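A.B. asks: Once you've had a glance at the structure underneath, I'll fire off some questions.
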Amino acid sequence: MGLNFKVQFVNHDAAVRTLRTNDGQNSVLMTFGPGSYLMSGTIVYGVGERHVLVGRYSSLADGLTFNIGQNHNLHNITTYPFENLRCLKTGDHQNHAAAVNRGQIIIGSDVWIGDNVCLMGGVRIGNGAVIGANAVVAKDIPPYAVAVGNPARVIKYRFDEETIRRLQKIKWWNWSAEKIEAHRAFLEGGDMEGFLAACERAYTPPSADEAVDIAATVRALRGGAIHDILFYPGFQRGRCRLALCSRILHYLVPRTG
6 MGLNFKVQFV
16 NHDAAVRTLR
26 TNDGQNSVLM
36 TFGPGSYLMS
46 GTIVYGVGER
56 HVLVGRYSSL
66 ADGLTFNIGQ
76 NHNLHNITTY
86 PFENLRCLKT
96 GDHQNHAAAV
106 NRGQIIIGSD
116 VWIGDNVCLM
126 GGVRIGNGAV
136 IGANAVVAKD
146 IPPYAVAVGN
156 PARVIKYRFD
166 EETIRRLQKI
176 KWWNWSAEKI
186 EAHRAFLEGG
196 DMEGFLAACE
206 RAYTPPSADE
216 AVDIAATVRA
226 LRGGAIHDIL
236 FYPGFQRGRC
246 RLALCSRILH
256 YLVPRTG
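Numbering follows the working numbering, in which position 52 of the sequence shown is assigned residue number 57; successive positions increment by one, without gaps.
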């Protein structure tokens with residue numbers, strides 16, 4: 006049960022691109038970072054929140070399926086989705102199976118996903134990861150891991166732990182298009198140590214003033230002083246740590262009185 010949405014991003018634009026639903030809500034369904042592309046895919050989604058976020062310079066092949074909000078609750082007496090079927094008829098878009106559904110798929114930067122891969126709602130694919138063809142990804146995949154199979158399992162890592170740590174610090178995908186072009190010989194070559202050393206020599210840590218408040222930069226870009234916070238506590242979900250949620254609420258929710 007769900008709605009199907011055919012998607013394709015093959016223009017490799019050096020800009021952020023979004024795709025909106027045509028179901029009357031006009032909500033953002035996918036967000037692609039600069040350089041990332043999707044040859045073809047289908048988003049299958051039920052009621053509730055849904056969004057696929059793809060980082061920068063990621064390569065997504067043909068026939069991908071993004072399965073969001075389709076889980077049935079195995080802990081109920083029946084798995085039949087009575088309430089969700091009612092929602093589809095009435096136009097109510099709440100996710101009444103929130104305890105077992107996750108509304109977002111996050112794919113990092115420099116990720117390669119092969120043909121006919123299925124990604125389940127809630128998974129996060131780390132930067133630099135590779136997902137083999139026909140895999141079914143139901144759990145998070147760490148950065149620079151290579152995962153295959155149904156269910157997808159990590160069979161190896163592209164590089165050793167220290168190299169991955171250094172790459173994660175450099176984050177070349179956040180460079181300007183001009184800087185990336187200037188370093189293409191390194192990026193497309195195999196001299197990892199030379200690349201890392203060159204990047205680390207040129208690295209200048211941000212000053213205290215630059216690193217003070219990222220939120221202030223976001224507010225400035227939006228032209229206002231509004232704090233935008235997207236936070237799903239998930240109190241119904243067994244994985245939620247109430248102590249962590251309480252700390253987040255303490256710092257993010259304004260106090261009154």
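No residue lacks a Cβ here, since even glycine has one placed at the ideal position from N, Cα and C.
Quick caveat: nothing in here was measured; it's all calculated off a predicted structure.
From A203 to D120, what distance separates their C-alpha atoms?
C.D. replies: Numbered from 1 along the sequence shown, position 198 holds the residue referred to as residue 203. Numbered from 1 along the sequence shown, position 115 holds the residue referred to as residue 120. Each residue's alpha carbon lies about 35 Å from the other.
A.B. asks: Roughly how many angstroms separate the alpha carbons of R171 and G199, rounded to a whole number?
C.D. replies: Along the sequence shown, one-based indexing puts residue 171 at 166. Along the sequence shown, one-based indexing puts residue 199 at 194. Cα-Cα distance, rounded: 12 Å.
A.B. asks: Ignore the nearest five residues each way along the sequence and tell me which others in I146's own chain have a CB closer than 8 Å to its CB.
C.D. replies: Position 141 of the sequence shown, counting from 1, holds the residue named residue 146. If we look at I146 and ignore the five residues flanking it on each side, its Cβ neighbours are V128, R129, I130, G131, A134, I136, A152, A157, V159.
A.B. asks: What does DSSP give as the partner residues of Q109 in its beta bridges?
C.D. replies: Within the sequence shown, the letter at position 104 stands for residue 109. Looking at the DSSP assignment, Q109 forms a beta bridge with H56.
A.B. asks: Shorter than 7 Å, the distance from the beta carbon of R158 to the closest heavy atom of the ligand FMN, or not?
C.D. replies: Absence of the ligand FMN from the depicted structure is noted, as is the absence of any ligand whatsoever, leaving it without description.
A.B. asks: Check the DSSP bridge columns for F37 and list the partner residues they point to.
C.D. replies: Indexing the sequence shown from 1 puts residue 37 at position 32. Beta-bridge pairing links F37 to R22, V59.
A.B. asks: Pair every Cβ in the region 180 to 187 with every Cβ in the region 43 to 60, then say whether three or more of these pairs are closer than 8 Å.
C.D. replies: no
A.B. asks: Would G113 pass as a contact of G60 if the rule is Cβ separation under 8 Å?
C.D. replies: If you number the sequence shown from 1, residue 113 lands on position 108. If you number the sequence shown from 1, residue 60 lands on position 55. Yes, the Cβ-Cβ distance between G113 and G60 is below 8 Å.
A.B. asks: Can you tell me whether DSSP reads W177 as helix, strand or coil?
C.D. replies: Your numbering for residue 177 matches position 172 in the sequence shown. Note: W177 maps to helix in three-state DSSP.
A.B. asks: According to DSSP, is R91 helix, strand or coil?
C.D. replies: Walking along the sequence shown from the start, residue 91 turns up at place 86. DSSP places R91 in helix when its eight states are reduced to three.
A.B. asks: Which stretch, first to last residue, makes up the alpha helix (DSSP H) that contains R206?
C.D. replies: Taking the sequence shown and counting its residues from 1, one reaches residue 206 at position 201. R206 -> alpha helix (DSSP H) spans 197 to 207.
A.B. asks: So G126 and G74 are supposed to be a Cβ contact under 8 Å. How far apart are they, rounded?
C.D. replies: Counting from 1 along the sequence shown, the entry for residue 126 is found at position 121. Counting from 1 along the sequence shown, the entry for residue 74 is found at position 69. About 6 Å; that satisfies the 8 Å criterion.
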